[in-house]
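Residues 19 to 150 (the numbering used here) are what the sequence shown spells out, left to right. Beta carbons: idealized from backbone N, C-alpha and C, even for Gly.
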Amino acid sequence: MNVRRSRSHTPLRRIVYVVLIGVVVVLAIFGSRYFLLSSSAYEAGTAFLTSSSMLKGNLGAIEHLGLAWLGDSSVETMEANGKKTGDAKYSMNVEGQNGKCKVKMTLRLESDVWQVKTAIIEEGTGAGTQLR
19 MNVRRSRSHT PLRRIVYVVL IGVVVVLAIF GSRYFLLSSS AYEAGTAFLT SSSMLKGNLG
79 AIEHLGLAWL GDSSVETMEA NGKKTGDAKY SMNVEGQNGK CKVKMTLRLE SDVWQVKTAI
139 IEEGTGAGTQ LR
């Protein structure tokens, strides 16, 4: 006697799997974004940008800073021989009274302090400018 299984639940199972995978991907994206935004490297980077006289000269008073959704951003730290070192890079959207731009910056952790190594305006007002 051949017993055939009904395949009526198979499409529903696939839909459930796709939804679950989607939820996991969304949680991973927002989790990594939260990690980047709550890091001390991000704080150092935003402090640098808000105090940059060159950036204020291009955009006016800074009204909004944020991590670019499609930008290349990461933070990596390690400890060796009791010394903590690390590197960070961020793509930041910056909006001011007179315009907006995207800034790509790199930072280095030295003696427990994040130092901005490079900050370059990539797009928008003042593109190509190296911030100091």
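Beta-carbon proximity of residue i to residue j, cut-off 9 Å
i       : j       : result
Ala-137 : Ser-91  : no
Lys-118 : Gly-142 : yes
Val-112 : Leu-54  : no
Leu-149 : Ala-59  : no
Val-121 : Leu-73  : yes
Met-123 : Gly-75  : no
Glu-140 : Ser-109 : yes
Whole-angstrom distance between residue j and residue i, CA atom to CA atom
i       : j      : result
Ile-33  : Tyr-52 : 28 Å
Gln-133 : Ile-47 : 26 Å
Ala-65  : Leu-83 : 10 Å
Asn-116 : Ser-50 : 31 Å
Thr-147 : Pro-29 : 54 Å
Lys-135 : Ser-56 : 20 Å
Val-37  : Leu-67 : 39 Å
Expected contact under 8 Å - CB spacing of residue i and residue j to nearest Å
i       : j       : result
Thr-103 : Leu-127 : 6 Å
Residues bridged to residue i (per DSSP)
i       : result
Trp-132 : Leu-127
Tyr-108 : Met-123
Met-96  : Thr-103
* At a cut of 8 Å, does the region 61 to 80 reach the region 25 to 41 through at least three beta carbon pairs? -> no
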